[in-house]
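Here is the structure we will look at, set down as C-alpha cells.
Number of protein chains: 2
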Amino acid sequence: MSCFSLKINDRYYTTTGWDICEKTFTPEHLISRGSNFLTGNGYLGYRGTFPDWRRDQYVGCFVSGTYDNADGKWTELSNAPNALYTNLEVNGKSLPLSTNPPAPFKHKYYSRLNLQNGLLEMQNYCKTEEGAALEIRAERFASYDDLHIIPMRFQVKALSALELTVSTGIDGNVWDLNGIHIPDLQLQAHLNFISAKGRTVQSGLTLVVYEGHSISGVEPQQAETVSQGQTALRKYTFSLKPGDEIMIDKLMTVCSSFDGNNPEATAFKSLEQALDKGYECLLEEHQPHWNKIWKNIDIKITGDLFSQALLRFNLYHAIICAPLHSDSLPIGARGLSCQAYQGAAFWDQEIYNLPMLTWTMPDAARRILTYRYKTLGGALRKAKALGYSGAFYAWVSGMTGDELCPSFFFEDVLTGRKIRNHFNDWQIHISPDIVYAIWQYYQVTGDWSFIEEYGAEIIFEVARFLHSHAFYKKDRDRFELIRLLGPDEYHENVDNNAYTNYLAKFSLRTALVIEEKLKKEMPSSHEQLSEKLKLTETDFANWREMAAKIYLPQPDPSTGLIEQFDGYFTLEDTTPADLQKRLLDKNEYWGWPNGVAVHTQVTKQADVLQLFVLNNCFSLNTLEANYRYYEPRCQHGSSLSASVHAIIAARTGRIEEAFNYFKHSCLVDLSATAKAESGGTFIGGIHTAACGAAWQIVMLGFLGMEYNKGRLTFKPNLPEAWQEVTFKLCIGGRQKAFKATRTGVEELNQ
Amino acid sequence: MSCFSLKINDRYYTTTGWDICEKTFTPEHLISRGSNFLTGNGYLGYRGTFPDWRRDQYVGCFVSGTYDNADGKWTELSNAPNALYTNLEVNGKSLPLSTNPPAPFKHKYYSRLNLQNGLLEMQNYCKTEEGAALEIRAERFASYDDLHIIPMRFQVKALSALELTVSTGIDGNVWDLNGIHIPDLQLQAHLNFISAKGRTVQSGLTLVVYEGHSISGVEPQQAETVSQGQTALRKYTFSLKPGDEIMIDKLMTVCSSFDGNNPEATAFKSLEQALDKGYECLLEEHQPHWNKIWKNIDIKITGDLFSQALLRFNLYHAIICAPLHSDSLPIGARGLSCQAYQGAAFWDQEIYNLPMLTWTMPDAARRILTYRYKTLGGALRKAKALGYSGAFYAWVSGMTGDELCPSFFFEDVLTGRKIRNHFNDWQIHISPDIVYAIWQYYQVTGDWSFIEEYGAEIIFEVARFLHSHAFYKKDRDRFELIRLLGPDEYHENVDNNAYTNYLAKFSLRTALVIEEKLKKEMPSSHEQLSEKLKLTETDFANWREMAAKIYLPQPDPSTGLIEQFDGYFTLEDTTPADLQKRLLDKNEYWGWPNGVAVHTQVTKQADVLQLFVLNNCFSLNTLEANYRYYEPRCQHGSSLSASVHAIIAARTGRIEEAFNYFKHSCLVDLSATAKAESGGTFIGGIHTAACGAAWQIVMLGFLGMEYNKGRLTFKPNLPEAWQEVTFKLCIGGRQKAFKATRTGVEELNQ
C-alpha cells in the first residue's frame, strides 16, 4: 500500500482519493465500520466485517428481493448465511483476526476499501501470548460480473513456527434486526462444497448459499468436516515454519427464488463456474464493470484530495445500493447495508438517488422508475384503502408497493408506549416526488417512450389522487391540501405545506402537459390510456382547475419568507440547542405527537429549502432570505438535510458554509454522526440518500447547474481548494464531458 | 330536625326530600362537602365550610364578574376574604368546630342544607379533653333579596362551666386555585364593623367586603380588636355557666367594581340596612324569592323520596350557579363553587343548563343568551385570529367572550410536559350549540324580539363562520368539516363528527329560516342587519348551498349505526376497563395526543347519543342500535355523559338502566364520583351541567317530552317507584302545570 496518507477523520484516511482506509480497529465503531466497508453490487450487500465475525459483530449479507416478515410486524430483507466465515486457532487457541497488533507492529494493521473496484482488503499482524506471530491478509469483492458471487482470498504467513487450525465454511449465526428469516436452515457439507438452504418465514422464498474454496501454499496435515449448530465448516490443521504461507481462495454464491424458479441451480452454476475460473480471473472479469460505472459517474476534483475521497466514497455507495440489474426493485434507504428501513424505497429514491442516475446512467434511472410503475397497484390499493382515488404511493415501498410503514413504530422512550406517526397516511408528497423524478428523467433523456409506456399512467393516477385529496375552500376560491406531513417530519398534521403544494401543482401541470401531447401527437395512445384508466374530460378539467387554483404559499413581499405551512410562524421560536436541553432522555423522539420540537419552529430537516432544490422559479433573494431564516432553526435530525443546506448555501454564495455542509453530508457515515437509533428503532446503516446527494451538492451547489427547457447552464461557486472539476453528463442519450474552473464550465472534446 | 331519615349514600341522607344532611364529618371529603353545601345566589357562592375553617379547608366565596388573571396564565373568578370567619377557644385552648362529638353524643352532630331556601345549618356537640362541654349551632344563607349579603347566625350553649373566647371578623386566608387575586388586602377594624378591600392583580377590579355582627345572650367580659397578618378580628371573652347561651348574628357583604363605580358605598349600604333589619327579617325577605323559583322549576315525584331529594339537590345547584340578576354573565361550568374552569361558560351552558331555564324560567334563559350576544365581539375576534370569518365562540367564555382556554393546560403526568389540547381551536360545535339554544328558546317562548334584537346577528355570524370553516370536496360534491373535536374529547383531530355536522346543518338552516322571515315580514330589519354585518345575497346563497350539501353521516342501512366520525369504526375495539389496565399512572389523561383511549373506540362521553338528545329526527331503532353499540364503549370520563345515557336509555325503554344513569348523574357531586383532578389540573367543584341535566333526564327521558312545531307530546317511561310526577312548563309566556303518571301526562288546572 502507498505510504502517502491524508487523514479524513480520526478513523479513516485516503491514499489516492480512490480509497478509504482504517489504521486501527475501534470496537466501538462495529456498526458503522461494517456499513462503510460494505462490498456490494446492487444484488447483494456484504458488510465490512472480519472473516471470523458473527452475529454479535453485525455480520450480514442482505439479498435484494428477499422481503420477509418474520416477527409479524416488520417486512425487511433476509440475511444470507455467511459463507465467508473463517476462523483461526494458533497452537490450540483461538486468534481473533480483528485484534490490533502490539505496539511495535501497529503500522502493519490496515483495512482498505478500494473504491475503484469495491475490493475490501484487510491486513493484520497477530501475535499470541506465547509469542507465535503471523501475518494475515484477506480481500473480497462482490462481483459485478456475476452478481451472485462474492470471492474472497484469505492468506496467512507464519512469522514463527506454529500449529495453525483454519476453520472455514458457512456460519448461520448472522445478524437479524426483526426476527430470524430462515429459522430452519439446512446446512450440508458435500464433497467439494457446503450448502445452506432454507425458506423465509412469511414470504416463503427459498434462499440458497453455496460455499467452495481451494487451499494452496502448504498442505494441511489434517482435514475434517465439522457441523455444529448453525455452522458447517472444514477444519484444516497445518504445522508451519517461519515464512510458510497459506492461501485460501474462497467463494460464496447466493441465490433466492425471487431471482427465478431454480435458485439452487443458479447458485450452483455460479459456484462451479467461479471455482473453475479462480480468484484472479473473477477479479479481472469484475473490474471492467466498475470502470464503466466510474466512466459515467466520476467527478474528478483537482486540488482537494480530501473532498475527492469523500465524494467518491459517497458515489461508490450510491451505486452499490442500486439494483441496476432489475426493473422490479427499489433502492433501499439503507441500501443493502443492513435491514433497517426494510430494504424499501422512500422519497429518498426519487429526490436523492435518482438525479445522479438520471444525469449519468439514465438506463439505471429508467429501471428504478419502472419499479414505480410495477408497484403502481400497491399505490392504487393504498389510496383506495384510505378513501382516495388514484395513486398514493407507499411511504415505505418494498416488493409490491403496498404500504410497509406500520402505523405504530417509534416508541415513546419515556413511557414505553408506541407512537402513532402518520408517515404512512399524511406524507402525501411521495406521489408528486415520483412525478418530479419521472419528468426530470424525460427532460434529461428525451425518452418519451418511457412516458408513453409507464410515466403517463403513473402521473395521471397521481393527479387523480391529488384531486381526491384536495379540499376546495369556497370562501377563498382555492384548493388546499390539509393534514400533511412535509419533509420536516417533526411537524405532522399541517396544512398547505409549501413543498407539498408546489409539488402537487407541478404534478397536475405535468399530467396536463402529457395529456395534451398525447392527445395531439398520439391520439390512439391517449384513447387507450383514457379507457384503461377510465379517465374522462371531467378528470382533465378537474386537474386543470386545481392546477390553476391550488394555494401556493408565496414569499412575503417584505421579508421574502415562505411559510413552511399554515401557522408555522406562530409557533414558539427557539433553537435546536435549546430543545436539546429540554430532553428527558437522549433517545427521545423530537416529533409527533408530543416531542420537544412539535410546538416550536425547530425543524428536523430542510423543507422550504428542499423546495428550492427542485424548483428554480424562486429568486436568489428569496433563497437568501429563507436560508437565513430556516437554517438556524434546523436540527438536521435527518441525513437528508445537510446536502440541501449545502446546495442552497452554495447557490447563495456562502462557500465556506456550503463546504461545511458538504463535509457534514459526505461524512454522515464515515463519522457516524447520525444516530443509530431513534425512538427505540434501529436506523443505522449506509445513508444512501446522502450518498446520492453528494453528487447533487457538487453539481447543483458548487457548479450551480440548472437545466431549463433543454438549456444547461452553470454558475460555479467552487470551494477554495478546488482548482478544477471534471465530470460527465448524459443528455438526450449522448454523453458529454465538462471541465469546471473558478471562472466557468466548458464542454470537453472526448 | 325531623327524626325520619332516608339514606342517600354513605355520607348523606334526607328527611323530607327538601334537604341534604350529613351525620358525620369526614375529613377526606373536604372538597366535595364544601361544594355540595354551597350557599349561593348567582351573584356569589359561599362554600359549605365550617366558620373556623381557612385556606387549607378550601374556604371560598367566589364573586361573579370578578375575572382576574393572577398567575399570568389562568383567568378565574376572585375569592372574597372570609367575613364569616369565627373561631372558639375554651379554657384557653382552641376548639375546632368540625370535630365529631364523642361516642355517646354522636347523634348531636349534623349539617343540613335546606333546599327550600338555601339555608345551611350546622350543629355540633363539643367536649374538650378536660371535660368542658358545649353545643354549637350555626346557620347561614346567601340572600336572594340583597345579593351582596350573607347573613349567619352563630350560637353557643355551655353545658358545663367554661371560659369561652370567640374571635370573629374577616380572614383573608382563603383558597385560591391559580394565584392570589388580592395580594394587597387592606383590612381595617372600624368602630362597628370591619372592612377588607383590595384590587385584583390583572383586571384591576376593586373588591370590598364588610363584616358586622351583634352579640346577645351573655355580655362578654372583655372585648378587643386583634389585627394580625391576613385577619382582623374582634375577640370576646365570656365566663359561662351551664345553660348559658350566646348568639352572634353576623353579616358579610360583598361588592366589586364590576357591579358599579362605587362598590364600597353599595357594600356599606347593604351592611347598614341588613344590620338594621336583623337576621330573622333578612331570612324572611329572602324566602319568597326561593318560593318563586321552586314554583317554576320544581318537579314533584310521588313515591320515591330518594329520587326526589337527588333531583331537588341538582335543581338547587342548577339555580344558584345562574346569574339571574345579569345579562352580561355566564353560567360557570363549576358555577360559583370554586375557581376551576375559570368561572366561565362552556357548551354546558347552552346544552345542559339552558333547557331547564328555557322551559321553566324563560326570562333567565333570555338573560344568559343575551350574555352570548354581548360577547359576540370575542367570538368574532377568535374566528379572525384563527383565519375564519364570523363567530367562533370561545370554548371557555368569561367576561368578554375572548377565548380563555389556554393552548397548553393538561400535563402529561408521566413526563411532566404540558399537552397541547385543541379544545380552543378544534371544538367548533360550541357555536352551533348556541344557535341550538337560541332557537329552542324562540320555539318555546315565541319571543321573536330576542331573535330580532340579538339572535339573528349571532346566528348569521355563526353561519358565516361555519361556511368559512367548511371544505368542499369536489370529488364527492359535498361540504365537510375537518379537524374537529366533538363532544367525546378523547378523539381530537377528527373529520365529520356526526354531532358537529348535524348541528352545523341545523345552524345554517336556522339562519336561512330567520333570513327568510326577516326579509318577508321585517324588511327594514333585514336591510339594517345585512348592512351592519355586511351580508350579501352571496352569503345567503353560500349557506343555502352548504346546508344542502353538508355531509351528514347516516345510519348504516344494515346495522343502524352512525359513525361518530370518519374512521371511528376502524379504531381498536376495546373497553374502558381494558384501558384502565393500560394506565401507567391513575391520573393520566386518556385523550390526545397519546393517552390510552386515543387510538381506540373508547369514548370519554356521549357523542352520537348526545346528538339524539338534541335532534329527534332519528327513529327509535336507530337510537336503540347506537345505544347498544356506544354505551359499553363509553368511559363516562365527563359528568355530562351519564345524563345523556339516562335519557336515551329511558327513551328506548331501558328503565332500570336509565334509572341507574339517573342516579349516577344526580350523585356525581354527592358521591364525588368524578375525579377532582385530570392531567394535573384541578377540576373539582359542583358539576352544574349535570345539575341542569337532572331536569332533562326527567323531562326528556322518563317523561319522553318532545316539542315539535308547537306541539308538545309525552311518552312517559317512569322508574318503578315513581307514582306521579308533577311539574310546570312555561310555553309561549304562559305557565302550565302537568301531572304525569305511568299511563300518560295531563295538564292541570291552576
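Heads up: the protein sequence lines correspond to chains A and B, in order.
Numbered according to my numbering, the first sequence terminates at residue 750, and the numbering increases by one at each position without gaps.
Numbered according to my numbering, the second sequence terminates at residue 1500, and the numbering increases by one at each position without gaps.
All residues carry an ideal CB built from backbone N, CA and C; glycine is no exception.
Query: Integer-rounded CB distance, given that Thr603/A should sit under 8 Å from Phe627/A; Result: Correcting the residue identity first, residue 627/A is Tyr in this sequence and not Phe. Between Thr603/A and Tyr627/A the Cβ distance is about 13 Å, and since that is not below 8 Å, they are no contact.
Query: Leu1279/B to Gly1151/B span [Cα, whole Å]; Result: 21 Å
Query: Cβ-Cβ distance between Asn1365/B and Phe1315/B below 7 Å; Result: no
Query: Beta-carbon contacts of Asp1357/B that lie in its chain and below 8 Å, excluding the five residues immediately before and after; Result: Gly1236, Pro1237, Asp1238, Asn1247, Ala1248, Tyr1249, Gln1314, Tyr1380
Query: Assigned exposure category for Pro1307/B - 16 Cβ within 10 Å defines buried; Result: exposed
Query: Three-state secondary structure assigned by DSSP to Asp806/B; Result: helix
Query: Contacts of Asp1323/B in chain A (Cβ-Cβ under 8 Å); Result: Residues of chain A passing the Cβ test: none, with the nearest at roughly 15 Å.
Query: Neighbourhood of Ile1101/B by C-beta, 6 Å cutoff - its chain only, sequence neighbours within 5 removed; Result: Asp1183
Query: Of the listed residues Glu453/A, Leu623/A, Thr713/A, Gln308/A, nearest to Gly17/A (C-alpha basis); Result: Gln308/A
Query: Under the three-state DSSP convention, the category Phe1160/B falls into; Result: strand
Query: Inter-residue spacing [alpha-carbon to alpha-carbon] between Ala693/A and Val156/A; Result: 40 Å
Query: Euclidean distance between Cα positions of Tyr144/A and His289/A; Result: 6 Å
Query: Closer than 9 Å at the beta carbon, the chain A residues around Tyr1222/B; Result: Phe471, Tyr472, Lys473, Lys474
Query: Interface residues of the segment 1324 to 1344 of chain B facing chain A [CB-CB below 7 Å]; Result: Leu1334, Pro1343, Asn1344
Query: Endpoints, the alpha helix (DSSP H) within which Lys907/B is located; Result: No alpha helix (DSSP H) contains Lys907/B, which is instead part of the beta strand (DSSP E) from 899 to 908.
Query: Neighbour flag for Ile1232/B against chain A, beta carbons, 7 Å; Result: yes
Query: Contact test: Ser638/A Cβ vs the ligand SAM heavy atom, cutoff 6 Å; Result: The ligand SAM is not part of this structure, which contains no ligands at all.
Query: Bridge partners - Ile301/A, DSSP secondary structure assignment; Result: Val725/A
Query: Separation of His286/A from Glu588/A, as counted between CA atoms; Result: 45 Å
Query: Cys338/A, DSSP secondary structure in three states; Result: coil
Query: Beta-carbon proximity check, Cys1480/B vs Thr1110/B, cutoff 7 Å; Result: yes
Query: Integer-rounded CB distance, given that Ile920/B should sit under 8 Å from Tyr817/B; Result: About 23 Å; that fails the 8 Å criterion.
Query: Any chain A beta carbon closer than 7 Å to Thr1165/B; Result: yes
Query: Interface residues of chain A facing Ser1218/B [CB-CB closer than 7 Å]; Result: Asp475
Query: Bounding residues of the beta strand (DSSP E) (the contiguous stretch that carries Ser64/A); Result: 61 to 69
Query: Cutoff 7 Å: His1349/B Cβ touching any chain A Cβ; Result: yes
Query: Contact check, Leu508/A vs Ala548/A, beta carbons under 7 Å; Result: no
Query: Beta-carbon spacing of Asp669/A, His687/A below 7 Å; Result: yes
Query: Alpha-carbon to alpha-carbon, Asp1026/B and Ala833/B; Result: 18 Å
Query: Proximity test, Cβ basis, 7 Å: Arg234/A and chain B; Result: no
Query: Assumed close pair Ile246/A, Phe258/A - CB separation to whole angstroms, cut-off 8 Å; Result: Actually they are not in contact, since the Cβ atoms of Ile246/A and Phe258/A sit about 37 Å apart, beyond 8 Å.
Query: Positions along the segment 528 to 553 of chain A whose CB lies within less than 9 Å of some CB in chain B; Result: Asn542, Glu545, Met546
Query: Arg509/A at chain B interface by Cβ criterion, 7 Å; Result: no
Query: Alpha-carbon to alpha-carbon, Ala973/B and Asp769/B; Result: 38 Å
Query: Local Cβ density within 10 Å of Glu527/A, reported as buried at 16 or more and exposed below that; Result: exposed
Query: From Ile1049/B, Ala1115/B, Thr1052/B, Asp1048/B, residue whose alpha carbon lies closest to that of Pro1080/B; Result: Ala1115/B
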